[in-house]
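Participant:
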Amino acid sequence: MEEWFDMRVDPAQVAKERAKARELRRTNWWRAQIQKGVCHYCGGTFPPSELTMDHIVPLSRGGHSTKGNIVPCCKACNNSKKYTMPVDEILSDLDIDEPGDTEDAGVEIDLPDELMRELVGDPDAADDAATDGTPDGSATDA
Ligand SMILES: [Zn+2]
């Protein structure tokens, strides 16, 4: 969790953690995990041969090969997990919140005009001119 957003992972560290994962795979602890036969993500029951070792925080994102970060995962979840990484979820959430929404939401923001223009973008937005009925405001420096 603590290094979730640290994308600059040292390749040497990843290699080290991979080696640690291989070691863990040979332990009785891991055998017990897959003998339970329960996928961490979907909760389904699978034969041990169907379960793979999965890092909750991927090594490529700074995760570690610790027992707390390693879970049994069925093949289906292992495949679909690639597309539902938390970071991707955050990104798709941001996609939903388009900048235009804030105008209609009636959110009261106490900001100076210059800053508002900076945030909203185009100061001479066509909508603004249309609603005001004054296409050529008094601010023109002609
Ligand atoms: Zn699963």
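Following our numbering, the numbering of the sequence shown begins with 1 at its first residue and continues without gaps. Here a beta-carbon is modelled for each residue, glycine too, at the ideal position from N, C-alpha and C.
Is it the case that the Cβ atoms of Lys75 and Thr52 are separated by a distance below 8 Å?
Facilitator: Yes, they are a contact pair.
Participant: Taking 8 Å as the threshold, find out whether the stretch 63-73 comes into contact with the stretch 17-28 through three or more Cβ pairs.
Facilitator: Touching, yes, given that three or more Cβ pairs across the two stretches are closer than 8 Å.
Participant: Any heavy atom of ligand 2 closer than 7 Å to the beta-carbon of Gly37?
Facilitator: Because ligand 2 does not appear in the structure shown, any question about it cannot be addressed here, the ligands present being ligand 1.
Participant: Smallest Cα separation from Asp10: which of Cys42, Gly43, Arg61?
Facilitator: Arg61
Participant: Looking at Ile70 and Ala12, is the spacing between their C-beta atoms short of 8 Å?
Facilitator: no
Participant: If you follow the alpha helix (DSSP H) that Asp71 is in, where does it begin and where does it stop?
Facilitator: The question names Asp, but residue 71 in the sequence shown is Val. That residue, Val71, is in no alpha helix (DSSP H); its beta strand (DSSP E) goes 70-74.
Participant: Among Trp29, Leu59, Glu50, Asn78, which residue has its Cα nearest to the Cα of Tyr41?
Facilitator: Asn78
Participant: Quick check: does the Cβ of Ala32 come within less than 7 Å of any heavy atom belonging to ligand 1?
Facilitator: no
Participant: Is Ala21 close to ligand 1? I mean its beta-carbon at under 7 Å from any heavy atom of the ligand.
Facilitator: no
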